[in-house]
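Heads up, the thing below is written out as structure tokens.
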Amino acid sequence: MILILSLQSYFLSRCHAYAIRTKFIYVCTTCGHRLGRHSKSLNTAKKACPFCQGKFELEPATSDSNTSDKSTPMNKFAQFVKENYRSCRTPGTNHGDAMKLLSQKFAEAKLSTI
Ligand SMILES: [Zn+2]
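Under this note's numbering, think of the first position of the sequence shown as -14, with each following residue one higher.
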């Protein structure tokens, strides 16, 4: 159990590097282990999680799946997050809270500029 947990945290910490460098992320539906791929090359029917033999699923892409709306509040928001994430991610604030705060701030900033 301890071994599994430490392996998970090892790979969870590594997944951030994947998230930055690769376009597609496959996530184990059972244990959450993540695999990064530069293309949709992973055969999810055949490839099993090395830790729990679970199935991989392609994590929904943040922008690519949204082809109908390319001009993009999402990119502006991503930019906003990039610029303001550090100031919102204070000790004691987790990623989810920081993102909530950022989306609030983004909405306010948007209102004030219109
Ligand atoms: Zn797994």
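Ideal Cβ positions, reconstructed from N, Cα and C, are used throughout, including at glycine.
As the structure is a computational prediction, the values presented were derived from the model and not from experiment.
Taking buried to mean at least 16 other C-beta atoms within 10 Å of its own C-beta, is residue i buried or exposed?
| i | result |
| --- | --- |
| residue 96 | exposed |
| residue 18 | buried |
Tell me which residues share the same chain as residue i and place their Cβ nearer than 8 angstroms to its Cβ, disregarding the 5 neighbours each side in the sequence.
| i | result |
| --- | --- |
| residue 85 | none |
| residue 50 | Low confidence applies to residue 50: its pLDDT is 45, below 50, so where it sits in the model is not reliable enough to give any reading. |
| residue 31 | none |
| residue 94 | 65 |
Measure from the C-beta of residue i to each C-beta in chain B and report whether the shortest distance is under 9 angstroms.
| i | result |
| --- | --- |
| residue 14 | The structure shown contains no chain B, having only a single protein chain. |
Using a Cβ-Cβ cutoff of less than 7 angstroms, which residues in the same chain neighbour residue i once the five nearest sequence positions on both sides are dropped?
| i | result |
| --- | --- |
| residue 62 | 91 |
| residue 28 | none |
| residue 52 | Any reading at residue 52 must be qualified, since the residue scores a pLDDT of 49, below 50, and its modelled position is unreliable; no value is offered. |
| residue 102 | This structure gives no information on residue 102, because the portion of the chain shown stretches from -14 to 99. |
| residue 68 | none |
Considering only heavy atoms of ligand 1, does any lie closer than 8 angstroms to the CB of residue i?
| i | result |
| --- | --- |
| residue 15 | yes |
| residue 91 | no |
| residue 36 | yes |
| residue 164 | Residue 164 is absent from the structure shown; the chain starts at -14 and stops at 99. |
| residue 39 | yes |
| residue 18 | yes |
Just confirm the distance between the C-beta atoms of residue i and residue j, as a whole number of angstroms; I'd bet it's less than 8 angstroms.
| i | j | result |
| --- | --- | --- |
| residue 25 | residue 33 | Actually they are not in contact, since the Cβ atoms of residue 25 and residue 33 sit about 18 angstroms apart, beyond 8 angstroms. |
| residue 42 | residue 14 | 5 angstroms |
**OP:** Just list the beta strand (DSSP E) runs in the stretch 14 to 86, keeping only unbroken ones of 3 residues or longer that don't cross its boundaries, in chain order.
**Re:** 19 to 22, 41 to 43
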